[in-house]
Amino acid sequence: VSGTATYLYAITRPMSVDQLSGVRGIGGEQVRALRDGELAVLVSTVSLDEFGEEPLRENLGDLSWLEATAGMHDLAVSTAAKRVTTAPLRMATICLDDDAALGRLRKLARAASTVLARLDNRDEWGVKAYAVATEPAQPVAASARSGTDYLQRRRRQTADRQDQAVAAAEEAAGVYDQLSSMAVAACRHRPQDPQLSGVEEPMLLNAAFLIDRDRVDTFTAAAQQLAAAATSLRFALTGPWPPYSFAIIDEP
Amino acid sequence: MTELVELSVEPRAASLVDLLDRLLAAGVVVAGDLTISLAGVDLVTVRLRALITTVRREMYD
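Those protein sequence lines, which keep their order, are chains W and L.
Each step along the first sequence adds one to the number in the numbering used here, with nothing skipped, and position 176 is 176.
Count along the second sequence starting at 1, add 1000, and that's the number in the numbering used here.
If you want it as structure tokens, here you go:
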């Protein structure tokens, strides 16, 4: 099967042609805004050779394709989000043509309006916290005076490690609560798998926060203060993101 | 995605996983369904777990 389809990026407030100039999507295609009343859906044209049912199923299992496509999707959504309030759609939302995309927009209009009102002048920020590796304990065998002494020391070390893990998890939960109190909305994603992220320390917090743009300085300052004060955690702050974690509009 | 404020340096893979956490909406390590809509009628379901298995294989083999 060959031909084209319409790829949907986000539902936004209406954008002018000027506001869309230079916004490129999948495959470098120009992103267009299909308008219906006070809403628009951002789309571009993609090939069914790449995004048809079967090719898409295969491509989603290809890491380099996934990375490139996620990057292009994110670039289009991020650029739009800097210009108008933007509710991102899930990656790889595809309609047969522009008419079908507009039909989808009309179906989602009510939910989308509610979501957009919540997202005006706000961005998403990410905070991740990892348990820091504690100082390596003195080798037990080297200093043990006897077999009993060895076993006692081993038990004490195991207990210390468990205490540290509990303390770190509590510290992460406390950080989430404190930052949540400064946010319009907050959510916790699953901790990332070290095998996927390449970060070896266990992740204890993978949070997203929806923050008023005029309160971003306060929020990032608080995050940095918490990071400086943390004894058992290392932090990473990411953002601003388009409001991916707070605007996924599902089928009604 | 640009990181305006960075409290620590992360490997490049981490930012891809950050993005996929968000774009796939369910967290990357969760077994969930990514729904693909085509022609506004047909819904194709891809098992996210299969995707993650492939990601792991390609990254570490």
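C-beta atoms are modelled at their ideal positions from N, C-alpha and C, and glycine is treated no differently.
Nearest to W/R122 by C-alpha distance, out of W/R215, W/T6, W/I11, is W/R215. The three-state secondary structure of W/P88, taken from DSSP, is strand. For W/M203, the secondary structure class from DSSP, reduced to helix, strand or coil, is strand. Beyond the five residues adjoining it in sequence on each side, W/L226 comes within less than 8 angstroms, by CB distance, of V175, Q178, L179, F235 in the same chain, given in chain order. In the DSSP annotation of this structure, the continuous segment of the beta strand (DSSP E) that includes W/S47 starts and ends at 39-47. Scanning chain L for C-beta atoms nearer than 7 angstroms to the C-beta of W/Y244 yields R1022, L1023, reported in chain order. With the rule of 3 Cβ pairs closer than 8 angstroms, the segment 29-40 of chain W does not count as touching the segment 50-65 of chain W. DSSP lists W/R24 as the beta-bridge partner residues of W/Q30. Inter-residue distance for W/K128 and W/M203 is about 7 angstroms (C-alpha atoms, whole angstroms). In the DSSP assignment, W/R83 is bridged to no other residue.
Rounded to whole angstroms, the gap between the alpha carbons of W/L151 and W/T86 is 60 angstroms. Listed along chain L is no residue with a C-beta nearer than 8 angstroms to that of W/M72; the closest approach is about 11 angstroms. Within the DSSP bridge table, the entry for W/F209 names W/W125, W/A186 as partners. For W/R234, the beta-bridge partners assigned by DSSP are W/Y130. W/Y176: member of the alpha helix (DSSP H) spanning 147-180, first to last residue. When C-beta atoms of the segment 190-201 of chain W are compared with those of the segment 105-115 of chain W, fewer than three pairs fall below 8 angstroms, so the two segments do not count as touching. Boundaries of the alpha helix (DSSP H) harbouring W/L196: 194-197, taken from the DSSP string.
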